[in-house]
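This report refers to the structure that appears directly beneath it.
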Amino acid sequence: MTAPFFERLGDRIERVDSVVSVGLDADRSRLPEHLLEKDLPQWAFNRRIIDATHEHAACYKPNAAFYESEEGWRSLRETIAYADGKDVPVLLDAKRADIGNTTRQYAKLLDDVDAITVNPYMGWDSLQPFLDRSEKGVFVLCRTSNPGGADLQDLELESGETVYERVAALADLWNEHGNVGLVVGATAPDELESIREQVPDLPFLVPGIGAQGGDAEAAVENGLAHGVGLVNSSRGIIFAGEDQGEAFAKAAGDAARRLKRRLNQYRDA
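This is the structure:
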């Protein structure tokens, strides 16, 4: 029987001494020119990134938006298999949810990956097929890192709580199998702290470190539950060597190592 996701993630974090999630947002328009002649340029890029960063990565997080084509899905499948071969879990950033048979189809994505991000806007029944996969991780969008996240997430309800606080409370209730986490951005450190106080046992996926300039200290101090959680950087790692030609992968590896060390300052404090 497969161990629960957060148990496996905790083992991985301990093994590599890292909470770094490397976002594999393989934007074709930014790939090194020498890889564009390959059969699957995105896969060629990801393979080199994984080779350079896996010793620093607690997890890989490909965003499904960059693979929405026949060639893209082939690249994604190869990437997932390769990461698995390096014993690194894969979290698919898909933000899926729907109702009825549609969401059951979406949940089949979990056949191939270790965890997924989901959107709670349509409520519990839209997420149930994901939540029922007890061995898989389900990260519920709560307080996102983009500036427009406040348009809805900060609205105050009649109860006096904000929408994001209600989402956190619901996610805590939905955590029957111990497989639920939250997505809480590092660009909102005050909210990150308040949500952690509200739900002390849910691991967070904290995006917004790197290119978005999020708060690394707050991400670590409030993103981890019992030592388990993920702090993600995508462009800041994988495109660190964007102007360095064939040396791009080494630059990515160096960036991942630097972020690991930076975050570990606060883990060890």
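For this note's numbering, add 304 to where a residue sits in the sequence shown, where the first one is 1.
Every residue, glycine too, gets a C-beta built ideally from N, C-alpha and C.
Look at residue i and residue j and say whether their C-beta atoms are less than 8 Å apart.
i    : j    : result
R500 : N526 : yes
R312 : P393 : yes
P511 : S449 : yes
Y386 : I354 : yes
F310 : V532 : yes
V417 : V484 : no
A522 : P493 : yes
C278 : Y425 : Given that the chain is displayed from residue 305 to residue 573, the structure contains no residue 278 and the question cannot be resolved.
H360 : V323 : no
K554 : G540 : no
Since residue i and residue j are thought to touch, with beta carbons under 8 Å apart, how far apart are those beta carbons, to the nearest angstrom?
i    : j    : result
N350 : A369 : Incorrect: roughly 15 Å between the Cβ atoms, too far for contact.
R561 : V524 : In fact, because the Cβ distance is near 16 Å, the residues do not count as touching under 8 Å.
L534 : L509 : 5 Å
L395 : S325 : 7 Å
Any idea if residue i is buried or exposed, counting beta-carbon neighbours within 10 angstroms, 16 or more meaning buried?
i    : result
W347 : buried
T406 : exposed
I384 : buried
K390 : exposed
V409 : Per the sequence shown, residue 409 should be read as Gln rather than Val. By the 10 Å Cβ count, Q409 comes out exposed.
L461 : exposed
Who are residue i's beta bridge partners in DSSP?
i    : result
C446 : Paired residues: none, contrary to the question.
T406 : DSSP lists no partner for T406.
A466 : Just to set this straight, residue 466 is Thr in the shown sequence, not Ala. T466 is bridged to E460.
S602 : Past the boundaries of the shown model lies residue 602; the chain is included only from 305 to 573, so the question cannot be answered.
R381 : Per DSSP, none; premise fails for R381.
V510 : V535
G441 : A419
A555 : Paired residues: none, contrary to the question.
Quick one: grab the DSSP three-state call for residue i.
i    : result
I354 : helix
D505 : coil
I420 : strand
S537 : strand
G485 : strand
D547 : coil
A369 : helix
R500 : helix
L414 : helix
D436 : coil
C340 : Note that residue 340 is Leu in the sequence shown here, rather than Cys. Coil.
What I want to know is whether the C-beta of residue i ends up closer than 7 Å to one or more non-hydrogen atoms of the ligand SAH.
i    : result
E382 : Of ligands this structure carries none, so the ligand SAH is not represented either.
Check whether the Cβ of residue i lies closer than 8 Å to any Cβ atom in chain C.
i    : result
A492 : Absence of chain C from the displayed structure is noted, only one protein chain being present.
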